[in-house]
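Residue numbering for the sequence shown follows the numbering used here, starting at 21 and increasing by one per position.
Don't be surprised by glycine CBs; every beta carbon is placed ideally from N, CA and C.
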Amino acid sequence: MAYVVTEICVDCKYTSCAAVCPVEAFHEAPDTLYIDPDTCIDCNACQYECPIDAIFPDYDVPEKHKPSIEVNAKEASKFPVIVTTKPPLKGAKCSDPSK
Numbered sequence: 021m022a023y024v025v026t027e028i029c030v031d032c033k034y035t036s037c038a039a040v041c042p043v044e045a046f047h048e049a050p051d052t053l054y055i056d057p058d059t060c061i062d063c064n065a066c067q068y069e070c071p072i073d074a075i076f077p078d079y080d081v082p083e084k085h086k087p088s089i090e091v092n093a094k095e096a097s098k099f100p101v102i103v104t105t106k107p108p109l110k111g112a113k114c115s116d117p118s119k
């Protein structure tokens with residue numbers, strides 16, 4: 021099992037989830053984050069840290085977000101690892117939890 025960042029994260033890119041990851045499984049794309057399923061140790065720390073509920077265990081990804089499982093697996097390694105917190109992107113498609 022691995023955790024999956026769904027497209028809910030697109031244009032948001034809150035990074036507190038990456039900062040709590042003990043194994044550096046998060047990768048930063050320009051508009052979202054991905055989790056490398058080969059690195060993830062299923063600790064679930066990231067899921068609780070995500071302010072927009074964009075992260076799910078792979079067995080519990082909502083049906084409409086199932087394509088995210090394969091996207092994370094294919095895309096994560098194309099982008100650099102992120103281990104720190106950065107200001108969120110909060111672009112046009114982002115669900116801002118502070119509203």
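### Residue from 52, 47, 72, 23 with nearest C-alpha to residue 171
Because the chain is modelled from 21 through 119, residue 171 falls outside the range shown and cannot be assessed.
### Task
Would you give the residue range spanned by the beta strand (DSSP E) that residue 48 belongs to?
First-last of the beta strand (DSSP E) with residue 48: 46 to 48.
#### Entry: Unbroken stretches of the alpha helix (DSSP H), 4 residues or longer, contained in the region 21 to 47
36 to 40
### Query
Between which two residues does the beta strand (DSSP E) harbouring residue 75 extend?
75 to 77
#### Entry: Span of the beta strand (DSSP E), counted from its first residue to its last, around residue 131
No statement about residue 131 is possible, as the shown extent of the chain runs from 21 to 119 and does not include it.
### Cβ neighbour criterion (16 or more within 10 Å) applied to residue 43
exposed
### Message
Using the three-state DSSP reduction, which class does residue 101 fall into: helix, strand or coil?
### Response
strand
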